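Just so it is clear: in the sequence shown, position 156 is 156 by UniProt numbering, and no numbers are missing. All residues carry an ideal CB built from backbone N, CA and C; glycine is no exception. As the structure is a prediction and not an experimental result, all values here were calculated from the model. Before any comments, here is the structure.
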Amino acid sequence: MSTTKARADSLSLLLFTLRSGKLMAINLLKVSEIIPCPPLTKLPESHPHVKGIATLRGASLAVIDLSRALGEMPLEDPNGGCLIVTDVSRSKQGLHVQAVSKIVHCLTTDIRPPPYGSGGNRAFITGVTQVEGGLVQVLDIEKVIHGIAPAPIEVAPTDLTMEEAEVLGHARILVVDDSQVALQQSVHTLRNLGLTCHTARSAKEAIDVLLELQGTAEQINVVVSDIEMSEMDGYALTRTLRETPDFQHLYVLLHTSLDSAMNSEKARLAGANSVLTKFSSPELTKCLVVAAKTVAQQSL
1 MSTTKARADS LSLLLFTLRS GKLMAINLLK VSEIIPCPPL TKLPESHPHV
51 KGIATLRGAS LAVIDLSRAL GEMPLEDPNG GCLIVTDVSR SKQGLHVQAV
101 SKIVHCLTTD IRPPPYGSGG NRAFITGVTQ VEGGLVQVLD IEKVIHGIAP
151 APIEVAPTDL TMEEAEVLGH ARILVVDDSQ VALQQSVHTL RNLGLTCHTA
201 RSAKEAIDVL LELQGTAEQI NVVVSDIEMS EMDGYALTRT LRETPDFQHL
251 YVLLHTSLDS AMNSEKARLA GANSVLTKFS SPELTKCLVV AAKTVAQQSL
């Protein structure tokens with residue numbers, strides 16, 4: 001089973017700069033709009049990385065000083081720059097940056113995991129890529145948001161029927177996500193359900209885990225995978241599994257920080273069983289019940 005057989009997907013990145021002039025990038029699908037920095041209302045006792053609240057078409061929008069959130073000096077002109085308005089994990093926020101550079105198109109295979117020992121902002125990036133000979137860091141926006149306003153811990157539903165609880169107990173789950181925050185959220189939900197699981201931080205690592213456990217008592221039957229990952233994304237991972245006889249019957253749930261509605265058709269074409277927007281513990285639990293029932297029916 002070779003990961004090189006996976007077909008790469010195209011990816012659009014929005015490049016932007018902070019005060020240092022360093023080029024960074026964010027997945028364009030996570031950006032809803034780019035606007036000049038509007039007047040902000042500072043809220044008392046707000047997080048130091050939150051510059052204030054903007055009003056955008058009648059709705060309040062928290063504005064994050066991205067430079068400070070990443071450990072850099074704030075912008076020289078606090079009222080200058082622009083806002084990248086992002087829409088991820090069921091919430092909108094504005095990222096205050098120095099300037100937006102351009103949009104570049106690449107393949108997911110062009111995005112490499114961040115190098116170990118790189119220091120600095122490594123904790124806030126999910127990958128790196130080359131653009132015109134320079135290294136560009138891809139922002140882990142979920143981790144930035146979590147560091148400012150951690151998602152509330154949702155208790156998994158306790159009203160599971162005996163049948164649902166029993167069938168869940170037979171699910172052997174692999175969670176794949178290159179964001180440590182998202183990975184921990186999923187694992188927390190599974191532990192609340194009394195389930196143990198295996199984890200992987202990349203599609204390649206996921207395939208290694210699947211191969212290692214194949215034919216053992218812990219053989220995986222449900223894969224919960226992020227979509228936006230470096231080197232091989234969730235779509236390519238799903239296609240690879242569907243093309244591999246030993247793994248083509250795995251139940252695959254694609255778990256994305258993007259609006260799942262825009263990914264449903266692409267997920268279906270890749271061969272995924274279902275797609276879900278991060279992060280809702282009750283909804284993830286419901287999806288896992290469906291997955292476990294499907295796997296149980298396949299084994300009859």
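Beta-carbon proximity of residue i to residue j, cut-off 8 Å
i	j	result
residue 226	residue 198	no
residue 171	residue 291	yes
residue 131	residue 104	yes
residue 164	residue 289	yes
residue 238	residue 224	no
residue 284	residue 189	yes
residue 75	residue 98	yes
residue 182	residue 9	no
residue 101	residue 16	yes
residue 24	residue 136	yes
residue 204	residue 232	yes
residue 273	residue 294	yes
residue 222	residue 173	yes
Sequence-distant residues of its chain with Cβ nearer than 8 Å to residue i (five each side left out)
i	result
residue 296	167, 170
residue 19	67, 72, 73, 74, 75, 76, 98
residue 79	37
residue 31	14, 84, 85, 86, 87
residue 259	87, 277
residue 112	127, 128, 129, 230, 231
Cβ neighbours of residue i in the same chain (closer than 7 Å, five flanking residues each side left out)
i	result
residue 36	82
residue 95	64, 66, 83, 84, 86
residue 178	126, 201, 202, 226, 229, 230
residue 234	225, 226, 227, 254
residue 139	24, 25, 26, 124, 125
residue 12	28, 103, 105
residue 298	249
residue 287	253, 274, 276
Span of the alpha helix (DSSP H) around residue i
i	result
residue 287	281-298
residue 204	203-213
residue 67	66-69
Element boundaries [beta strand (DSSP E), containing residue i]
i	result
residue 274	274-277
residue 94	91-97
residue 55	50-56
residue 83	82-88
residue 199	197-200
Residues near residue i by beta carbon distance below 6 Å, same chain, minus five either side
i	result
residue 264	275
residue 195	none
residue 241	247, 250
residue 185	279
residue 121	Note that residue 121 has pLDDT 44, beneath the 50 cutoff, so the model's placement of it is unreliable and the number below is only indicative. Closer than 6 Å at Cβ, skipping near neighbours: 70.
residue 119	Summary for residue 119: the model assigns pLDDT 48, below 50, so the residue's position carries little reliability; its value from the coordinates is reported in the next sentence. Answer for residue 119: no residue qualifies.
residue 41	52, 53
C-beta neighbour in chain B for residue i, strict 8 Å
i	result
residue 126	Going by chain labels, chain B is absent from the structure shown, which holds only one protein chain.
Contact the region 50-66 vs the region 103-112: 3+ CB pairs below 8 Å: no
In chain order, each beta strand (DSSP E) run of at least 3 residues that lies wholly inside the region 2-48: 10-17, 23-27, 31-36
Continuous beta strand (DSSP E) assignments of at least 3 residues falling wholly in the region 101-184: 125-131, 134-139, 173-176
Start-end ranges of the beta strand (DSSP E) lying completely within the region 215-257, minimum 3 residues: 222-226, 251-256
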